[in-house]
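For the sequence shown, the numbering used here begins at 1171 and goes up steadily by one.
Where a beta carbon is used, it is the ideal one built from N, C-alpha and C, also for glycine.
Nothing here was measured: the structure is a model prediction, and the numbers come from that model.
A short worksheet on the structure shown next.
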Amino acid sequence: MTMLLVETTVGGEPPVDFRGDTAPLVYFMSFAAAERFGAQHELAQAASLLKRQLRIDLAPLLRFSSAEVEDAEDVEELERLWQDPGPLAETASRVADALRSHPRLRELVEPYPGLADRLDELAAIARWAAEQGARIRLTYLL
1171 MTMLLVETTV GGEPPVDFRG DTAPLVYFMS FAAAERFGAQ HELAQAASLL KRQLRIDLAP
1231 LLRFSSAEVE DAEDVEELER LWQDPGPLAE TASRVADALR SHPRLRELVE PYPGLADRLD
1291 ELAAIARWAA EQGARIRLTY LL
């Protein structure tokens, strides 16, 4: 089962958690990363619209990697993924709002139910981490 994993440097569990399947969020993040290479999938198109028309910086959502470690390079990559949670919270919140309010975005993400909700939940987790003075890391399992 595809899922997004969110870790913080606080230790322990945040008071907010995902209330549904995070696979659509992993798919969105993956196609948003592929968008710059010309991907034409509807989620890549959504990412393009968010970046180019709505001017939302998706970079904090693009800092993710597989949680599965196979070698020393993977360990180093995981260490590089730690980021400031503030910009991640802002980006996730802005993307969620745009997915709900923009007609074309609603159409593009309609096959991915719960995507905006998962982004709101990610934003809440990131805001909590920021309040704790922590860093945050996004990884996924397939």
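In the three-state reduction of the DSSP assignment, MET1173 falls in the strand class, which pools E and B.
Assigned with DSSP and collapsed to three states, THR1178 falls in strand. For ARG1307, the beta-bridge partners assigned by DSSP are GLU1177. According to DSSP, PHE1234 shares a beta bridge with LEU1308.
Taking a contact as a CB-CB distance under 8 Å, the pair VAL1180 and ALA1296 does not count as one, their CB atoms being some 12 Å apart. The straight-line gap separating the alpha-carbon atoms of ALA1202 and ALA1217 is approximately 5 Å. Counting of Cβ neighbours within 10 angstroms places MET1199 among the buried residues, the total reaching 16 or more. Per DSSP, VAL1279 is one residue of the alpha helix (DSSP H) stretching across 1273–1279.
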